[in-house]
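Q: Numbering (UniProt numbering), first residue to last: 2 to 148. Ideal Cβ placement from N, Cα and C applies to all residues, glycine included. Take a look at the following structure, please.
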Ligand code: ADP
Ligand code: MG
C-alpha cells in the first residue's frame, strides 16, 4: 500500500480522447511523473486533493491506467479536479496527493454507463474526503511548497 502518494508535474496535452466533451476533463501528467509511480501500484480510480499552481486545493479523482499510446506497456495518470475552472491550465504545475482507491479500471457498454460510473466516483470521492484522516492531508505543507 503506497498511499498517501504525493506527486507534482506540468500539465501536458493528452490524446484528446474527448474527456472535456463528456464534461469530465482530465489533466495529464508527463511520462517523467508517471515513471515515478511505484511499479506495482494498482491501475484504477483514486481520489485525493489537487492544486493548480499556487491556487486553491480542491478534491480530485484520478485514473491510473494502461496507456494505449504505448501499447499498454506504460501507465498514464489523469486527474479530474472537482472544480470548475475559468480557463484551461496546460503548462501549469499540478500538485496532487492520492489518499484512497475507489475501484479498478473496467470497460463500459456505453458512454452513458461510463459517465454514470465517473459521476459515482466523484460522489464517493467527495464523501470520503470529508473524513478527518483525509481532510488533514489537504493541509499538508506539500501544497504550499510550490515556488
Ligand atoms: P487532454 O486530452 O489534453 O487531456 P481533456 O479533454 O482531458 O484534454 O482536457 C484536459 C484539460 O482541461 C486539462 O489539461 C486542463 O487544462 C483543462 N481543465 C479544465 N478544467 C479542468 C478540471 N476541472 N480538471 C482537469 N482539467 C481541467
Ligand atoms: Mg485528459
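Taking the alpha carbon of residue 67 as the reference point, which residue from 5, 85 and 77 has its own alpha carbon closest?
A: Minimum Cα distance to residue 67 is reached at 77.
Q: Can you list the beta strand (DSSP E) stretches of 3 or more residues lying completely in the segment 43-84, in chain order?
A: 45-53, 58-67 and 76-82, all fully within the segment 43-84.
Q: How would you label residue 2, buried or exposed, when you count the other beta carbons within 10 angstroms and need 16 or more for buried?
A: The residue is exposed, with fewer than 16 neighbouring Cβ atoms inside 10 Å.
Q: How about residue 70 and residue 16: are their beta carbons less than 8 Å apart?
A: Cβ distance < 8 Å, so residue 70 and residue 16 count as in contact.
Q: With a threshold of 16 other CB atoms inside 10 Å of the CB of residue 30, please say whether the residue is buried or exposed.
A: Residue 30 comes out buried.
Q: Given a cut-off of 8 Å, decide if residue 138 and residue 82 are closer than it, judged by their beta-carbon atoms.
A: Contact flag unset, no.
Q: Smallest Cα separation from residue 115: which of 142, 34 and 24?
A: For the residues 142, 34 and 24, the minimum Cα distance to residue 115 belongs to 24.
Q: Does the distance from the CB of residue 126 to the CB of residue 62 come in under 8 Å?
A: Contact: yes.
Q: Got a sec, what are the start and stop residues for the alpha helix (DSSP H) residue 11 sits in?
A: First-last for residue 11: 6-11, but that is the beta strand (DSSP E), not the alpha helix (DSSP H).
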